[in-house]
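Note sheet for the following structure.
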Amino acid sequence: MSTDTPPARSGAVPRPAALAAAAVAGSLLLAGCGSGTPSGGSAPDTDLHAQLPAQVRSAGVLRIGSDLTYAPIGFKGEGGKPDGLDVDLAHALGDALGVQVQFVDAPFDRLRLGLQAHEYDLLMSGMTDNPQRRDGTDDQARKINEGLDFVDYFVTGTSIVVAKGNPQKIATLDDLCGRTVALQRGTVQSVLMERQVGACQKAGKKLTVTETDTDDQALALVAQGRAAADLNDSPVAAHAVKNGRAGAQFQLAGEQLQVAPYGIAFAKEDTALRDAVAKALNRLIRDGVYDKVLAKWGLGDGAVQSAVVNGSF
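All letters in the sequence shown, in the order written, are residues 450 to 762 by this note's numbering.
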């Protein structure tokens with residue numbers, strides 16, 4: 450889930466395979482330390498625990514805001530329990546930091562507001578780290594909010610999802626001109642399509658963009674023939690193709706677009722928590738726990754070599 454294409458610069462260091470390739474209404478979902486990691490997680494690090502903010506140490510819980518509708522990144526699994534890549538990594542981070550993790554399920558476009566209202570301590574929801582989110586600006590560099598800090602932990606891009614057989618022969622963004630596209634509001638794909646609308650207009654072919662509350666709703670429009678394509682983060686798109694969605698089958702069209710890092714998001718003033726989580730993530734990378742979590746979900750190609758604060762490439 451990703452708003453805007455980051456510029457090329459050093460920062461989060463992807464492994465070579467990666468480059469190849471509202472107030473909160475949700476329920477609180479508590480998971481004990483280590484319950485989601487394939488390896489059982491890491492033993493608590495007393496030094497890392499001591500670096501947590503006092504209120505987190507006192508509570509013994511990290512409250513994590515997440516839109517749990519994005520398999521395999523974050524979703525509700527068996528019994529409605531949180532599951533997915535983000536969930537397993539959060540459990541492992543909780544192990545290393547010596548705290549539990551508590552997921553707060555909320556719509557994606559409400560997460561930043563909830564974080565800044567102190568409804569949770571951090572965001573972990575397949576959120577792209579880019580300059581606009583870091584600086585709190587729109588696509589024209591106008592200030593619109595306080596901005597966020599990120600700890601980058603995964604690399605991915607955007608994919609185009611079409612009906613099985615690709616009946617409209619879509620392969621590029623320009624092939625969407627003259628058609629209707631569905632996608633979830635508040636995402637990097639929404640900004641990408643704002644730009645494409647202008648490109649299509651110059652070509653004399655109107656591009657219509659229908660924004661939905663969830664990606665499942667966008668896929669349903671594709672399945673019903675009311676949209677030619679859905680755009681989403683590549684792991685989520687691939688999962689929909691593999692498993693089907695909305696009672697229909699889909700396929701990917703064209704190449705992966707705008708590769709960028711996912712980041713764990715923090716309020717700008719919460720630097721102590723941000724830095725403690727970055728150190729914990731680097732420990733998971735060194736210990737091999739991180740690789741095991743990605744392997745469990747078949748997402749090893751998106752691995753990074755180290756956790757980086759506010760990085761992009």
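From the three backbone atoms N, C-alpha and C, an ideal C-beta is built for every residue, glycine too.
Same chain, Cβ closer than 8 Å to residue i, five either side skipped, listed in chain order
{"i": "Asn692", "result": "Ala520"}
{"i": "Gly606", "result": "Ala470, Asp682, Ser683, Gln705, Leu706, Gln707, Val708, Ala709"}
{"i": "Gln565", "result": "Asn594, Glu595, Ala716"}
{"i": "Asp598", "result": "Arg583, Ala714, Phe715, Ala716, Lys717, Asp719, Thr720, Arg723, Val758, Asn759"}
{"i": "Leu763", "result": "Only positions 450 to 762 of the chain appear in the structure, and residue 763 is not among them; the question remains open."}
{"i": "Asp665", "result": "Thr518, Arg694, Ala695"}
Own chain residues within Cβ distance below 7 Å of residue i, not counting five before or after
{"i": "Ala669", "result": "Ala695"}
{"i": "Gly526", "result": "Asp532"}
{"i": "Arg732", "result": "Ser491, Asp494, Ala545"}
{"i": "Ala686", "result": "Ser608, Val610, Leu701"}
Inter-residue Cα distance where the pair is residue i and residue j
{"i": "Leu722", "j": "Tyr569", "result": "12 Å"}
{"i": "Ile593", "j": "Leu641", "result": "19 Å"}
{"i": "Leu701", "j": "Ser608", "result": "7 Å"}
{"i": "Val671", "j": "Leu534", "result": "26 Å"}
{"i": "Cys626", "j": "Ala697", "result": "24 Å"}
{"i": "Gly699", "j": "Leu560", "result": "The sequence as given places Phe at residue 699; Gly does not occur at that position. Their backbone Cα atoms lie some 29 Å apart in a straight line."}
{"i": "Leu748", "j": "Ala648", "result": "33 Å"}
{"i": "His688", "j": "Ala744", "result": "15 Å"}
{"i": "Ala725", "j": "Val505", "result": "11 Å"}
{"i": "Thr586", "j": "Val630", "result": "25 Å"}
{"i": "Leu656", "j": "Glu643", "result": "9 Å"}
{"i": "Asp588", "j": "Asp558", "result": "16 Å"}
{"i": "Arg735", "j": "Val604", "result": "18 Å"}
{"i": "Asp740", "j": "Arg675", "result": "40 Å"}
{"i": "Val550", "j": "Thr659", "result": "35 Å"}
{"i": "Lys618", "j": "Met576", "result": "30 Å"}
Close Cβ partners of residue i (< 6 Å) along its chain, the five nearest in sequence each way excluded
{"i": "Ala763", "result": "Residue 763 is absent from the model: the chain starts at 450 and stops at 762."}
{"i": "Phe552", "result": "Leu478, Ile513, Ser515, Pro531"}
{"i": "Arg628", "result": "Ala677"}
{"i": "Thr454", "result": "Caution is warranted here: a pLDDT of 35 is assigned to Thr454, below 50, making its placement in the model unreliable, and no coordinate value can be reported."}
{"i": "Gly703", "result": "Ile609, Ala620, Thr621"}
{"i": "Trp746", "result": "Pro521, Leu534"}
{"i": "Leu572", "result": "Gly514, Leu560, Leu564, Ala714"}
Integer Cβ distance of residue i from residue j, believed to fall under 8 Å
{"i": "Gln650", "j": "Leu622", "result": "Between Leu622 and Gln650 the Cβ distance is about 13 Å, and since that is not below 8 Å, they are no contact."}
{"i": "Gly523", "j": "Ser574", "result": "6 Å"}
{"i": "Val742", "j": "Ala541", "result": "6 Å"}
{"i": "Ala555", "j": "Gly543", "result": "Rounded, the Cβ-Cβ distance is 19 Å, inconsistent with contact."}
Cβ-Cβ distance between residue i and residue j below 7 Å
{"i": "Val548", "j": "Val510", "result": "yes"}
{"i": "Leu730", "j": "Leu680", "result": "no"}
{"i": "Gly712", "j": "Asp578", "result": "yes"}
{"i": "Thr518", "j": "Thr661", "result": "no"}
Residue burial classification, residue i (beta-carbon count within 10 angstroms, cutoff 16)
{"i": "Ser507", "result": "exposed"}
{"i": "His567", "result": "exposed"}
{"i": "Gly653", "result": "exposed"}
{"i": "Asp537", "result": "buried"}
{"i": "Gln673", "result": "exposed"}
{"i": "Gln638", "result": "buried"}
{"i": "Ala612", "result": "buried"}
{"i": "Ala539", "result": "buried"}
{"i": "Ala667", "result": "buried"}
{"i": "Ala503", "result": "exposed"}
{"i": "Ala499", "result": "exposed"}
{"i": "Ala590", "result": "exposed"}
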